[in-house]
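Residue numbers (the numbering used here), protein chains in the order written: chain A, 1 to 287; chain B, 1001 to 1262.
Using N, Cα and C, we set each Cβ at its ideal position, and we do this for glycine too.
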């Protein structure tokens, strides 16, 4: 593991602390082979890696759906292995990749209320929590419609709202933007960023490096059940060989910066604005 | 939750190479045989024969145990319940109110359990050694309408996929605080709605896409079908069929024409 470099975010407390986590599925597939990772309160962490790298297994352990045979998982100061999935749901919310795997109610509002109801909150509190979650995911206009008849971007918002309605401190989003167009992605991620600015810790599981470049504070690259790299975003994108080893490709602007590195452009550029600025500076120097 | 796996194991054994039609007929005949004979010793001989075939088909022990686990529970139930409800015969071993336990009833219960085991195991031979494609091809060649055969093939093909979907849906709802096994029976069955509805919706969506995929590959464009690989009976198939028919015919003739007690 490469030690982390500079951090964009301040680091208040540890929200999740994982030590020497191993997991093997029935049938012998070793999904995790010793993962050490801290997730800090209030950060937006991206976990990236090719298919089968262990991202989803890791997420399922954080919210108790899978029980690790060895290693320790501490979530918000409590030992996760001694808590049930329902207990952990109050702390770690997990929005699944396919929203259709959780939608079943006849209205959006009912769907969002399902989680807090399961956790045993009184009905007035359930209504308040669901209302907040629907506001956060901008569902007010469609609260009375049947979720399953809505389009994918709406269904995904509903599935995320139904998880944040339980007011978890950590929100795990598994491939939240798959199948969404550019505008829908931007809309969704703006809502997610807002949740993050309000203090919620976000764990973003994704293949989309542009999403990572634009929104994440820190990147963890997983490969073959291990953490290959844990760094800030620009640091992660400067090591092209390592990314490709984990079946990942940095965003086009970073690739362009790599191509121009002989001309004095740094390799760790992650946004078009930054590249434009660098090019202008270079021109100024030459003149 | 264990995800349902395809029972078929790829191997190159005599049973794998056998014409699926012969295997289907053989399994039906051997099942009938298990129903015809009632004598414990004869049933045990039949069971030994079936287990031998299973071994010849290179069924691994773990797979056989997995498959027979369900049957075993039913067998235990039969062995326990049969003597309680069958008061016939002597000697009487125990009597408790209306319940009379007799020695012949105990043996009969054991025989019934062995019979059920035979009936189940014999079908595992077919499932273990015949790929789903061959199975459907065999049924269609035996006269099943092709659309029904295709529907069966698709249903079998989607069982594992479906298992994975149900597992994922259950996980997604548990992550929302749903505790499936909590509460009174009524409340518990209500819990399952949260799993059932997404499952049905996902099945309907899959069926919809599947029918489009079939149509886009011109399914049903011609009324008559041709086959890439046709089934042909070879002499080994004929021989196997003859052996099975003989094994079936001798006890059947003995019982129904010669009135032998089996």
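What separation, rounded to the nearest whole angstrom, lies between the Cα atoms of residue i and residue j?
{"i": "residue 1223 of chain B", "j": "residue 213 of chain A", "result": "56 Å"}
{"i": "residue 1230 of chain B", "j": "residue 1046 of chain B", "result": "33 Å"}
{"i": "residue 245 of chain A", "j": "residue 219 of chain A", "result": "16 Å"}
{"i": "residue 188 of chain A", "j": "residue 153 of chain A", "result": "8 Å"}
{"i": "residue 1050 of chain B", "j": "residue 1033 of chain B", "result": "12 Å"}
{"i": "residue 289 of chain A", "j": "residue 268 of chain A", "result": "Any answer about residue 289 of chain A is impossible in this case: the structure gives chain A only from 1 up to 287."}
{"i": "residue 7 of chain A", "j": "residue 217 of chain A", "result": "Residue placement at residue 7 of chain A cannot be trusted, given a pLDDT of 40 that sits under 50; the coordinates are not used to answer."}
{"i": "residue 1250 of chain B", "j": "residue 1039 of chain B", "result": "15 Å"}
{"i": "residue 1029 of chain B", "j": "residue 1035 of chain B", "result": "10 Å"}
{"i": "residue 1187 of chain B", "j": "residue 1179 of chain B", "result": "11 Å"}
{"i": "residue 1234 of chain B", "j": "residue 1211 of chain B", "result": "36 Å"}
{"i": "residue 1255 of chain B", "j": "residue 1206 of chain B", "result": "51 Å"}
{"i": "residue 1192 of chain B", "j": "residue 1174 of chain B", "result": "11 Å"}
{"i": "residue 19 of chain A", "j": "residue 71 of chain A", "result": "6 Å"}
{"i": "residue 43 of chain A", "j": "residue 1146 of chain B", "result": "58 Å"}
{"i": "residue 358 of chain A", "j": "residue 1081 of chain B", "result": "This structure does not reach residue 358 of chain A, given that chain A is present from 1 up to 287, and the question cannot be answered."}
{"i": "residue 1215 of chain B", "j": "residue 1150 of chain B", "result": "13 Å"}
{"i": "residue 1069 of chain B", "j": "residue 1123 of chain B", "result": "15 Å"}
{"i": "residue 233 of chain A", "j": "residue 39 of chain A", "result": "15 Å"}
Mind checking if residue i is an interface residue toward chain A, Cβ cutoff 9 Å exclusive?
{"i": "residue 1205 of chain B", "result": "yes"}
{"i": "residue 1220 of chain B", "result": "no"}
{"i": "residue 1202 of chain B", "result": "yes"}
{"i": "residue 1178 of chain B", "result": "yes"}
Distance cutoff 9 Å, beta carbons only. Does residue i sit that close to anything in chain B?
{"i": "residue 98 of chain A", "result": "yes"}
{"i": "residue 114 of chain A", "result": "yes"}
{"i": "residue 23 of chain A", "result": "no"}
{"i": "residue 134 of chain A", "result": "no"}
{"i": "residue 153 of chain A", "result": "no"}
{"i": "residue 329 of chain A", "result": "Outside the modelled stretch of chain A, which goes from 1 to 287, sits residue 329 of chain A, for which no answer is possible."}
{"i": "residue 237 of chain A", "result": "no"}
{"i": "residue 248 of chain A", "result": "no"}
{"i": "residue 65 of chain A", "result": "yes"}
{"i": "residue 102 of chain A", "result": "yes"}
{"i": "residue 148 of chain A", "result": "yes"}
Can you check whether the CB of residue j is closer than 9 Å to the CB of residue i?
{"i": "residue 114 of chain A", "j": "residue 1172 of chain B", "result": "no"}
{"i": "residue 158 of chain A", "j": "residue 108 of chain A", "result": "yes"}
{"i": "residue 1195 of chain B", "j": "residue 1164 of chain B", "result": "no"}
{"i": "residue 1183 of chain B", "j": "residue 166 of chain A", "result": "no"}
{"i": "residue 1129 of chain B", "j": "residue 1009 of chain B", "result": "yes"}
{"i": "residue 65 of chain A", "j": "residue 85 of chain A", "result": "yes"}
{"i": "residue 221 of chain A", "j": "residue 240 of chain A", "result": "no"}
{"i": "residue 112 of chain A", "j": "residue 16 of chain A", "result": "no"}
{"i": "residue 1031 of chain B", "j": "residue 98 of chain A", "result": "no"}
{"i": "residue 1106 of chain B", "j": "residue 1083 of chain B", "result": "yes"}
{"i": "residue 183 of chain A", "j": "residue 161 of chain A", "result": "no"}
{"i": "residue 1113 of chain B", "j": "residue 1074 of chain B", "result": "yes"}
{"i": "residue 247 of chain A", "j": "residue 51 of chain A", "result": "yes"}
{"i": "residue 225 of chain A", "j": "residue 28 of chain A", "result": "no"}
{"i": "residue 202 of chain A", "j": "residue 175 of chain A", "result": "no"}
{"i": "residue 211 of chain A", "j": "residue 254 of chain A", "result": "no"}
{"i": "residue 265 of chain A", "j": "residue 250 of chain A", "result": "no"}
{"i": "residue 25 of chain A", "j": "residue 59 of chain A", "result": "no"}
{"i": "residue 227 of chain A", "j": "residue 75 of chain A", "result": "no"}
{"i": "residue 68 of chain A", "j": "residue 82 of chain A", "result": "no"}
{"i": "residue 103 of chain A", "j": "residue 1099 of chain B", "result": "no"}
{"i": "residue 1013 of chain B", "j": "residue 1058 of chain B", "result": "yes"}
#### Entry: Residues from the stretch 1141 to 1175 of chain B in contact with chain A, defined by Cβ distance under 8 Å
1165, 1168, 1169, 1171, 1172, 1173, 1174, 1175
### Query
Closer than 7 Å, Cβ to any Cβ of chain D: which residues of the stretch 80 to 97 of chain A, in chain order?
The structure shown contains no chain D; its protein chains are A and B.
### Query
At what residue ranges does the stretch 1184 to 1224 of chain B contain a whole run of the alpha helix (DSSP H), taking only runs of 4 or more?
1185 to 1191, 1193 to 1216
### Query
What beta strand (DSSP E) runs, 3 residues minimum, are completely inside the stretch 69 to 96 of chain A?
70 to 75, 92 to 95
### Task
With 9 Å as the C-beta to C-beta threshold (strictly closer), list the residues of the stretch 42 to 62 of chain A near chain B in chain order.
60
### Query
In chain order, what residues of the stretch 1185 to 1199 of chain B put their CB closer than 7 Å to some CB of chain A?
1193, 1194, 1197, 1198
### Task
Please specify which runs of the beta strand (DSSP E), each continuous and at least 3 residues long, are wholly inside the stretch 89 to 170 of chain A, giving them in chain order.
92 to 95
### Query
Where in the stretch 1057 to 1137 of chain B do unbroken runs of the beta strand (DSSP E), each at least 3 residues long, occur, reported from the N-terminal end onward?
1092 to 1096, 1099 to 1102
### Residues of the stretch 158 to 179 of chain A whose Cβ lies closer than 7 Å to any Cβ of chain B, in chain order
162, 163, 166
### Task
Identify each residue in the stretch 192 to 209 of chain A for which the Cβ-Cβ distance to at least one residue of chain B is less than 7 Å, and report them in chain order.
none
### Query
Residue ranges of each alpha helix (DSSP H) run of no fewer than 4 residues wholly in the stretch 1020 to 1060 of chain B, ordered along the chain?
1020 to 1036, 1040 to 1056
### Message
Quick check on the DSSP output: what are the complete beta strand (DSSP E) runs of length 3 or more inside the stretch 166 to 217 of chain A, in order along the chain?
### Response
170 to 174, 201 to 206
### Query
Unbroken alpha helix (DSSP H) runs of length 4 or more, entirely within the stretch 1136 to 1189 of chain B: which are they?
1146 to 1174
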